[in-house]
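Heads up, the thing below is written out as structure tokens.
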Amino acid sequence: MSVRKLGQAAFAFVGAAMLVMSGTSAASAAVRDGNCQANEFCYYWYIDATESASDFTGTVQNYGTTQPTCYDFKGPGLGKGECIKNNAMSVWNRTSRTVRVYYNSYLEGSYQDIGAGYKGNLNSTLTNNNASHEFR
């Protein structure tokens, strides 16, 4: 075996070993793609879980307010590319946990608890006034 082929084989082996030791694969990593899938909590730009969506698998304490550093709506439809802070009107909780949506950043202020499976509108206090959320 040539030195070059031996080096390539060693590199492939080390890469595979690192993947096995990490316990995850690229396919299993959560991707924020705007498609509300099982085990995700999603915001929608408009009422009744319509228009562009933004999907999450964990707590976020601060959404940010400007591109390119904010969390934004990823799915197709109105609102795509806009920052989600103070722009969501409805949600879909496809997790088995309650998700608490807060009026302020850093999990503060008025809140609404979104039960597992709930798909609908945010209350009047939080409609277009969402700044953080917590998986409970």
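Under mature numbering (1 follows the signal peptide of the UniProt record, and there is no 0), read the sequence shown as residues -29 to -1, 1 to 107, first letter to last. Ideal Cβ positions, reconstructed from N, Cα and C, are used throughout, including at glycine.
Check, Outcome
"So, for Tyr17: in the same chain, excluding its five sequence neighbours on each side, which residues have a beta-carbon less than 6 Å away from its beta-carbon?", "Met60"
"For Ile85, name the three-state secondary structure that DSSP assigns.", "strand"
"With a threshold of 16 other CB atoms inside 10 Å of the CB of Leu97, please say whether the residue is buried or exposed.", "buried"
"Is Asp43 helix, strand or coil by DSSP?", "strand"
"How long is the line joining the alpha carbons of Val31 and Phe44, rounded to whole angstroms?", "15 Å"
"Determine the closest residue to Asn58 out of Val2, Phe106, Ser95, Arg68, with distance taken between C-alpha atoms.", "Ser95"
"Going by DSSP, which residues form a beta bridge with Gly91?", "Val62"
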